[in-house]
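J.: One gets my numbering by counting positions in the sequence shown from 1 and adding 1039 to each. This is the structure I have questions about; it appears just below.
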Amino acid sequence: MANAESSQSHAFAHAPMENCPFMPVFGPPAIMFERGQGTELWDSNGKRYLDFLAGIAVVSLGHSNSVVAEAVGDQLERLLHVSNFFANPVATEAAVKVNGLLA
């Protein structure tokens, strides 16, 4: 692609909303973000934004947080996911910590 804007347009053109398996309540994306650091995001044109949505809560500790990335990487090497029908040590430890905060 010649520039970031044409790259963004190309990507959106190849992901039409009519082929989306989800309910089209938001319409086509207006911005393509390429990277994030802390509470900030950058689009494909290099424009900086403050991320007020925080990935709808999944990024509450910020983008590219090295402590979180290391912890997630360590966990991925042991166990990615199991259904909540089963126990695992990390979930149990987290539940104990949260319960302690609420006590």
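Ideal Cβ positions, reconstructed from N, Cα and C, are used throughout, including at glycine.
1. Within 10 Å of its beta-carbon, does Ser-1083 have 16 or more other beta-carbons around it, so buried, or fewer, so exposed?
2. Do you know how far the Cα of Ala-1110 is from the Cα of Glu-1076?
3. Where Leu-1089 and Phe-1072 are concerned, what is the direct C-alpha to C-alpha distance, given to the nearest angstrom?
4. What is the DSSP secondary structure of Met-1040, counted as helix, strand or coil?
5. Since Leu-1141 is in the alpha helix (DSSP H), which residue starts that stretch and which ends it?
6. Can you give the Cα-Cα distance for Ala-1130 and His-1120, rounded to whole angstroms?
T.: Result, derived from the coordinates:
1. Stepping through the sequence shown from its first residue, residue 1083 is reached at position 44. Ser-1083 should be labelled buried.
2. For the purposes of this step, residue 1076 is taken as residue 37 along the sequence shown, with counting starting at 1. For the purposes of this step, residue 1110 is taken as residue 71 along the sequence shown, with counting starting at 1. Checking the sequence shown, residue 1076 turns out to be Gln, not Glu. Gln-1076 and Ala-1110 have their alpha carbons spaced roughly 17 Å apart.
3. On the sequence shown, residue 1089 is found 50 positions in, with the first residue counted as 1. On the sequence shown, residue 1072 is found 33 positions in, with the first residue counted as 1. Spanning the two alpha carbons is a distance of roughly 12 Å.
4. Within the sequence shown, the letter at position 1 stands for residue 1040. Unreliable placement is indicated for Met-1040, whose pLDDT of 44 sits below 50; the coordinate value is still reported in the next sentence. If DSSP states are grouped into helix, strand and coil, Met-1040 belongs with coil.
5. By one-based count along the sequence shown, residue 1141 stands at place 102. 1128 to 1141 is the span of the alpha helix (DSSP H), which, as asked, contains Leu-1141.
6. Taking the sequence shown and counting its residues from 1, one reaches residue 1130 at position 91. Taking the sequence shown and counting its residues from 1, one reaches residue 1120 at position 81. In a straight line, the C-alpha of Ala-1130 is about 10 Å away from that of His-1120.
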